[in-house]
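Have a look at the structure below before the remarks.
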Amino acid sequence: MRAADYEDALLQHLHHQFSNHLFSVAGTEDGRQHKIYGRYSRVLRQIDAAVYCRGKSSPILMADAKRYRKPIDVKDVECFIGMVNDVGADIGLLVAPRPFTPAAQRRAQAADMVLKIMTIDEATNYRWLPLARQLYPWDWAYHNDLALALRRILEKVDIGLVIEALGDVPFEEWEAYVRYALSYHREEAVSLLETVAQAHYYSGWRFNAIRLLQEAELLRSEFREQLEQHEEDPETLLLLRGEL
């Protein structure tokens, strides 16, 4: 993962964490960098990500992502502390994919800075958050689950892993995801729906998987017959027989 992509992952993660109307999150987006005028340096400082309380000009949190191959050392933390102080942020968050050295941890603790490991795997998931928000913007609680499911269907992993990622997602979000997948990843979406239609323990999910296959004209006749032989839910049977 490129350093710029790692920085973007942090920005998307903060967008998710500070998603309510009380905060705004800024960083490099659409090629435009976010810069804050330094109180002491009196120059514009480029910031990976900053969180603001609405209506305030100084950030409550400044975050920096370091995509380093080696552990972050005390010199990096010292540099970060100076930048946080210069832009007037209340909290500093320094993120890296590898552990921090003991000296770096001690120095950060003394300055009340937050150090966090964000693995490359986590960062990859976070980069799918914008599409998850696009699919279902009304409820942010399950966007991390949707992001993981979006990543997995693109990577063409076993469809069981996609279903696993969607395991706790409410139906409205699930349906939005499936409709997207039917448009852009049809083969995988059909496999997902057929698996749910055949094996999900809850009849409501089986019903809706069959309904979506029917609406997309993707319910194979031999598969329909197979489902009819094993389905016990009366309403789902009516749907399969075309009597609803």
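So for the sequence shown, this note's numbering puts the first residue at -17; every next one is plus one.
Glycine residues also receive a C-beta, built at the ideal position from the N, C-alpha and C atoms.
Please report the residue range of the alpha helix (DSSP H) in which residue i lies.
| i | result |
| --- | --- |
| Gln15 | Where Gln15 is concerned, there is no enclosing alpha helix (DSSP H), given that its DSSP letter is neither H nor E. |
| Arg134 | His125 to Leu136 |
| Ile248 | With the chain covering only -17 through 226, there is no way to say anything about residue 248. |
| Lys57 | Val56 to Val69 |
| Leu175 | Arg168 to Ala181 |
| Arg27 | Unbroken run through Arg27 is the beta strand (DSSP E), Leu26 to Ile29; no alpha helix (DSSP H). |
| Leu97 | Not the alpha helix (DSSP H): Leu97 falls in the beta strand (DSSP E), residues Val96 to Ile99. |
| Pro112 | Leu111 to Leu117 |
| Ala93 | Here Ala93 belongs to no alpha helix (DSSP H), and DSSP marks it neither H nor E. |
| Pro216 | Pro216 to Leu222 |
Among residues of its own chain, excluding the 5 on either side of residue i, which ones have a beta-carbon nearer than 8 Å to its beta-carbon?
| i | result |
| --- | --- |
| Phe189 | Asp215, Glu217, Thr218 and Leu221 |
| Ile141 | Glu170, Ser173, Leu174 and Thr177 |
| Thr83 | Pro53, Ile54, Asp55 and Val56 |
| Glu60 | Arg89 |
| Gln208 | Gln180 |
Between the options, which has its C-alpha nearest residue i's C-alpha?
| i | options | result |
| --- | --- | --- |
| Ala45 | Pro53, Arg27 and Lys57 | Arg27 |
| Gly70 | Val77, Asp58, Gln87 and Lys38 | Lys38 |
| Glu(-4) | Leu209, His125 and Trp187 | It should be noted that the sequence gives Leu, not Glu, for residue -4. Closest option to Leu(-4), Cα to Cα, is His125. |
| Leu130 | Val33, Asp55, Leu113 and Asp121 | Leu113 |
| Glu197 | Ala147, Ser165 and Glu137 | Ser165 |
| Ala92 | Tyr118, Leu136 and Ile63 | Ile63 |
| Leu117 | Ala158, Glu104, Val139 and Arg109 | Ala158 |
| Tyr34 | Phe5, Tyr108 and Gly13 | Phe5 |
| Glu267 | Phe82, Arg193 and Ser185 | This structure cannot speak to residue 267, because the chain is shown only from -17 to 226. |
| Arg51 | Arg24, Ile18, Tyr22 and Met(-17) | Met(-17) |
| Tyr22 | Ala90, Met95 and Asn67 | Asn67 |
| Pro41 | Tyr19, Ile135 and Arg115 | Tyr19 |
Go to residue i, then tell me how far its beta strand (DSSP E) extends in each direction, as first and last residue.
| i | result |
| --- | --- |
| Asp46 | Leu43 to Ala47 |
| Gly74 | Ile73 to Ala78 |
What do you get for residue i, buried or exposed, if any count of 16 or more other CB atoms within 10 angstroms of its CB means buried?
| i | result |
| --- | --- |
| Gln(-6) | buried |
| Glu155 | buried |
| Gly9 | buried |
| Asp(-10) | buried |
| His(-2) | buried |
| Glu225 | exposed |
| Trp120 | exposed |
| Arg168 | exposed |
| Gly74 | buried |
| Asp30 | buried |
| Arg36 | exposed |
| Asp58 | buried |
| Ser85 | The sequence given here has Ala at residue 85, not Ser. Ala85 should be labelled exposed. |
| Ala181 | exposed |
| Val96 | exposed |
| Val144 | buried |
| Val25 | exposed |
List the whole-angstrom C-beta distance separating residue i from residue j, where the pair is believed to meet the contact cut-off of C-beta under 8 Å.
| i | j | result |
| --- | --- | --- |
| Ala(-15) | Arg49 | 4 Å |
| Leu174 | Ala163 | 7 Å |
| Val227 | Leu128 | Shown here, the chain extends from -17 to 226; a query on residue 227 therefore has no answer. |
| Asn107 | Arg133 | 6 Å |
Counting only the same chain and skipping the five closest in sequence on each side, list residues whose C-beta sits under 6 Å from that of residue i.
| i | result |
| --- | --- |
| Val77 | Leu(-8), Ala47, Lys98 and Met100 |
| Ser1 | Trp122 |
| Leu200 | Val172 |
| Gln15 | Gln28 |
| Leu111 | Gln(-6), His(-2), His125 and Ala129 |
| Trp187 | Val178 |
Answer yes or no: the CB of residue i versus the heavy atoms of the ligand HEM, is any distance below 7 Å?
| i | result |
| --- | --- |
| Gly13 | Among the ligands in the structure shown, none appear at all, so the ligand HEM cannot be discussed. |
Report yes or no: is there a C-beta of chain D within less than 8 Å of the C-beta of residue i?
| i | result |
| --- | --- |
| Glu104 | Judged by its chain identifiers, the structure shown contains no chain D, having just a single protein chain. |
Leaving out the 5 sequence neighbours to the left and right, which residues in its chain are closer than 7 Å to residue i when beta-carbon positions are compared?
| i | result |
| --- | --- |
| Asp(-13) | Arg109 |
| Arg206 | Leu222 |
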